[in-house]
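What follows is a set of notes on a single structure, which appears directly below.
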Amino acid sequence: MKRIIALVMAAAMIFAFAACGEKEEPDVKSEGVMTYAEYVAAALDSEVVIEAYVQGKQSWWDNKATIYTQDKEGAYFIYNAACSEEDYAKLTPGTKIKVTGYKSEWSGEIEITDATFVIEEGNYIAKALDVTSMLGTAELEKHQNEFVSFKGMTVEASKDADGNEAAFLYNWDGSGEKGNDLYFNVSLNGQTYTFTVESYLCGQDTDVYKAVEALKVGDKIDMEGFLYWYNGANPHITSVTAAK
Amino acid sequence: MRKKIIASATAAALALCGLLTLSSCHGSRGLEPFEMPGELDPERQYTITFWAKNDTNKAQTNIYAKAISDFETLYPNIKVEMRLYTDYSRIYNDVITNIATQTTPNVCITYPDHIATYLTGVNTVVPLDELMDDPRYGLGGSEVRFDSPTREEIIPKFLGECEFGGHYYALPYMRSTEACYVNKTYVEKLGYELPDELTWDFVWEVSEAATAKAADGTYKVNGQNVMIPFIYKSTDNMMIQMLAQKGAGYSDTDGEILIFNDTTRSLLTDIASHAKTGAFSTFKISSYPANFLNAGQCIFAIDSTAGATWMGSDAPLLDISADSIVRFETEVRMIPQFDPENPKMISQGPSVCVFNKKDSGEVLASWLFVQYLLTNDVQIAYAETEGYVPVTSKAQSADEYLDYLSRSGEDNSTHYEVKINASNLLLENVESTFTTPVFNGSASLRDAAGQMIENVTKSVRRSAVVDDEYIDKLYDDMNSLYRLDQKTSAAGKTELGPLPTEAKVLIIALCAVWVGIGAYFGVSEYKKFKKNLQKS
Numbered sequence: 000m001k002r003i004i005a006l007v008m009a010a011a012m013i014f015a016f017a018a019c020g021e022k023e024e025p026d027v028k029s030e031g032v033m034t035y036a037e038y039v040a041a042a043l044d045s046e047v048v049i050e051a052y053v054q055g056k057q058s059w060w061d062n063k064a065t066i067y068t069q070d071k072e073g074a075y076f077i078y079n080a081a082c083s084e085e086d087y088a089k090l091t092p093g094t095k096i097k098v099t100g101y102k103s104e105w106s107g108e109i110e111i112t113d114a115t116f117v118i119e120e121g122n123y124i125a126k127a128l129d130v131t132s133m134l135g136t137a138e139l140e141k142h143q144n145e146f147v148s149f150k151g152m153t154v155e156a157s158k159d160a161d162g163n164e165a166a167f168l169y170n171w172d173g174s175g176e177k178g179n180d181l182y183f184n185v186s187l188n189g190q191t192y193t194f195t196v197e198s199y200l201c202g203q204d205t206d207v208y209k210a211v212e213a214l215k216v217g218d219k220i221d222m223e224g225f226l227y228w229y230n231g232a233n234p235h236i237t238s239v240t241a242a243k
Numbered sequence: 000m001r002k003k004i005i006a007s008a009t010a011a012a013l014a015l016c017g018l019l020t021l022s023s024c025h026g027s028r029g030l031e032p033f034e035m036p037g038e039l040d041p042e043r044q045y046t047i048t049f050w051a052k053n054d055t056n057k058a059q060t061n062i063y064a065k066a067i068s069d070f071e072t073l074y075p076n077i078k079v080e081m082r083l084y085t086d087y088s089r090i091y092n093d094v095i096t097n098i099a100t101q102t103t104p105n106v107c108i109t110y111p112d113h114i115a116t117y118l119t120g121v122n123t124v125v126p127l128d129e130l131m132d133d134p135r136y137g138l139g140g141s142e143v144r145f146d147s148p149t150r151e152e153i154i155p156k157f158l159g160e161c162e163f164g165g166h167y168y169a170l171p172y173m174r175s176t177e178a179c180y181v182n183k184t185y186v187e188k189l190g191y192e193l194p195d196e197l198t199w200d201f202v203w204e205v206s207e208a209a210t211a212k213a214a215d216g217t218y219k220v221n222g223q224n225v226m227i228p229f230i231y232k233s234t235d236n237m238m239i240q241m242l243a244q245k246g247a248g249y250s251d252t253d254g255e256i257l258i259f260n261d262t263t264r265s266l267l268t269d270i271a272s273h274a275k276t277g278a279f280s281t282f283k284i285s286s287y288p289a290n291f292l293n294a295g296q297c298i299f300a301i302d303s304t305a306g307a308t309w310m311g312s313d314a315p316l317l318d319i320s321a322d323s324i325v326r327f328e329t330e331v332r333m334i335p336q337f338d339p340e341n342p343k344m345i346s347q348g349p350s351v352c353v354f355n356k357k358d359s360g361e362v363l364a365s366w367l368f369v370q371y372l373l374t375n376d377v378q379i380a381y382a383e384t385e386g387y388v389p390v391t392s393k394a395q396s397a398d399e400y401l402d403y404l405s406r407s408g409e410d411n412s413t414h415y416e417v418k419i420n421a422s423n424l425l426l427e428n429v430e431s432t433f434t435t436p437v438f439n440g441s442a443s444l445r446d447a448a449g450q451m452i453e454n455v456t457k458s459v460r461r462s463a464v465v466d467d468e469y470i471d472k473l474y475d476d477m478n479s480l481y482r483l484d485q486k487t488s489a490a491g492k493t494e495l496g497p498l499p500t501e502a503k504v505l506i507i508a509l510c511a512v513w514v515g516i517g518a519y520f521g522v523s524e525y526k527k528f529k530k531n532l533q534k535s
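Chains as they are written, first to last, in numbering that gives the first Met the number 0: chain Z, 0 to 243; chain G, 0 to 535.
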């Protein structure tokens, strides 16, 4: 009996190691749909058709939805796609959608605008990619809009427009109030970066909003969020926890 | 870092406005008209809400906070609670949502176009005429506990912008216009001399020249991979001002929509041709003009004078990394003109209105706070935060303000030259400014004006053809999307036009029936009377 158990465990370990080394198989795209590589290669202002899975919903307004989506190879930011409120409710994390729109750039952020979409069969939720080591490198931009994580960073003081120091600011210069975007500084290896809690994506009642409001200068934290771009990396953070 | 807020709020506002109108038809009588109370009861505690707009500028929020604190010291029984916004359209939508539930703020920073929509509610916004003229609590009134401006001291042109439907529904708070912030270094590098007055022809010509590329694919003028020579922030203003300069139709005070004309068609075609070459783009399509200007990737950046602190190599407010900034000489010019001898430019900037409440004392308390926002302390301090100008002659002629203007260029913060030049641009050209007619729907028309430029610009970038057929469809789309075919008057009531023939026939028939009934009744009574007479 012991032999059988040992054999089963050994076999399980072998399979487990094999799975660790396995890379996710890319999606098979429907006819007429671009691969992620084709999307990256497409010219700005050209029409694009992609299939991806909803990872986060930023806002719905005036029958337009702004959504973070991703497939197994990369991410797509869908800005102000035509969307009824009823359809927006169906866009739960993992939902597969086929999007037709135009590849655009706004302050360095590559996005799909003037888009329409249809919901398809399929479900996928991306694991956060640890990009801590890519901070400050050109490599980071290749992961624009992906769900990413940053580990072991230190909260640094932010200065408002009056020169007052704080662990976070409401709006970029401290001109806002509770409910506005939160801006906070975090450092790693002597370099400081500004991260954001985007209030449309994570409002004042969310855990991450409250967690950032509770930060103190010097705290060591791990973070997850979407790698938004605004004249450079401007991650939209969705979770903050004490560093492990 | 400034935030990307491009949500088109108008359609949602229209929908809400529609609901509001319907609800007022179905039993909701709204508030009674405001009546001036005898006095502000000193024994009562008033709490008023103030929805304020700032330009994501800490100095501005500090000034609001100080104004509230100083006002509360003068009036210990009035507490002001402020809610901050950075976007007019958000205030607009929130106000409309709250009209239906009678939970509007007491005081609100706004645009006259928006007030016209608020007026679709019953007695929603207080007409200020009586309050302004009240000898005790009015402008410069005997019971006002601060140095309030008199009516005559408010710049007449600015005050006039708050009058519509025969009443004043707001007071101006700050005024600005648009300016063209120019990279003079690049204009000269391209072989041109920057004139004192820009024409559209000049701006287009230089912009086209700046699209020339070197053999390595970079732009000759800046040696970079990016160059958008001409970027316009508010395309609604662009269209409105171009039409005004051309003397072409936009709308009239009765709410008649005149924008879908041949001049507009010609302007759109011209703009599309420059967008196609890459000489022109917009904020909505590319991003903030200031970011491109400061990075040496734009030559003509048109934005509000209230955005001057973001413009130029030494701008005190920056949205791009320091290593992206390029050194160049910044000049501030009036927006391009078709006829420089008769310049025309928009007058814009926040105004402030008072919402009606059941408690007239609360309204009076709100009115006093509005007046306080026009005192020299608030006016001068706020005007200095950006390229705004104060709205009172009292503040404009104050030694403190004149000293501020005279110190242009002394530093790159309070006395930043570009900012003070922008303020001077408006101060020197107030008589050349104009506003568009205000009516229920004028905010939508403004959005449509800008959207047409956005659409043609986007379309040509995407290789579509902008021709007459395209523009015919664009006109139809705009009419439909912004409901511009539903004509409304300045007072907010829908004008239904002449009665249809069927209705006229029905009314005449009803009248005839009533006349018949009357005649029958008269004859019957006469017969009774005659019979009684014979009996007696």
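By construction, the Cβ of each residue, glycine as well, lies at the ideal position given by its N, Cα and C atoms.
Contacts with chain Z at 8 Å (Cβ-Cβ) do not include residue 321/G.
Residue 238/Z has its alpha-carbon roughly 13 Å from the corresponding atom of residue 204/Z. DSSP places residue 263/G in the uninterrupted alpha helix (DSSP H) bounded by 261 to 275. Residue 163/Z counts as exposed, since fewer than 16 other C-beta atoms from the protein chains shown sit within 10 angstroms of its C-beta.
Within the same chain, and ignoring the five residues on either side of residue 208/G in sequence, the residues whose Cβ sits closer than 6 Å to its Cβ are 189. The beta carbon of residue 202/G lies closer than 8 Å to those of 179, 229, 299, 335 in the same chain, with the five residues before and after it left out.
Under the Cβ criterion of 8 Å, residue 230/Z is counted among the residues facing chain G.
For residue 152/Z, the enclosing beta strand (DSSP E) starts and ends at 146 to 155.
Cβ neighbours of residue 113/Z within its own chain (closer than 6 Å, five residues either side excluded): 100, 101. Assignment of beta-bridge partners to residue 105/Z by DSSP yields 108/Z. Using a Cβ distance threshold of 8 Å, residue 268/G and residue 94/G do not count as a contacting pair.
Looking at the backbone, the Cα of residue 155/Z and that of residue 166/G are separated by about 54 Å. Apart from the 5 residues on each side of it in sequence, residue 84/G sits with its Cβ closer than 6 Å to the Cβ of 52, 90 in its chain, given in chain order. With a threshold of 8 Å between beta carbons, residue 135/G makes no contact with chain Z. Contacts with chain Z at 8 Å (Cβ-Cβ) do not include residue 272/G. Straight across, the Cα-Cα distance linking residue 37/Z with residue 73/Z is about 11 Å.
If you look at residue 301/G, you'll find it in the beta strand (DSSP E) that goes 299 to 303. With respect to residue 234/G, residue 247/G sits apart: the two C-beta atoms are not nearer than 8 Å. Residues of chain Z whose Cβ lies closer than 7 Å to the Cβ of residue 156/G do not exist, since the nearest Cβ in that chain is about 30 Å away.
With fewer than 16 neighbouring CB atoms inside 10 Å of its own CB, residue 118/Z falls in the exposed class. DSSP places residue 221/Z inside the beta strand (DSSP E), whose first and last residues are 219 to 225. Taking a C-beta cut-off of 7 Å against chain Z, the contacting residues of the region 448 to 482 of chain G are 460, 461, listed in chain order. For residue 137/Z, no Cβ of chain G is located within less than 8 Å of the residue's own Cβ. If you draw a straight line from the Cα of residue 137/G to the Cα of residue 131/G, it is about 4 Å long.
With fewer than 16 other beta carbons inside 10 angstroms of its own, residue 30/Z counts as exposed. Contact of residue 418/G with chain Z is not assigned, every C-beta pair being separated by 8 Å or more.
When the five nearest sequence neighbours on each side are left out, the beta carbons in the same chain lying within less than 8 Å of the beta carbon of residue 239/G are those of 249, 345, 435, 445, 448, in order along the chain.
Using a Cβ-Cβ distance cut-off of 8 Å, the region 325 to 340 of chain G and the region 451 to 459 of chain G are not in contact, since fewer than three pairs of beta carbons, one from each stretch, lie closer than that value.
C-alpha of residue 191/G to C-alpha of residue 409/G: approximately 29 Å in a straight line. 159, 160, 161, 170: these are the residues of the region 151 to 170 of chain Z whose beta carbon lies less than 8 Å from some beta carbon of chain G, given in chain order.
Residue 294/G is positioned such that its CB atom lies closer than 8 Å to that of residue 323/G.
For residue 414/G, the three-state secondary structure derived from DSSP is coil.
Closest option to residue 226/G, judged by alpha-carbon separation, among 286/G, 236/G, 256/G, 264/G: 286/G. Non-local beta-carbon contacts of residue 211/G in its own chain, meaning distances under 8 Å to residues more than five positions away in sequence, involve 218, 219, 220 in chain order.
Residues of chain Z whose Cβ lies closer than 7 Å to the Cβ of residue 57/G are, in chain order, 159, 160, 161, 172, 173, 174. Those residues of the region 19 to 50 of chain Z placed with their C-beta closer than 7 Å to a C-beta in chain G are 44, ordered along the chain.
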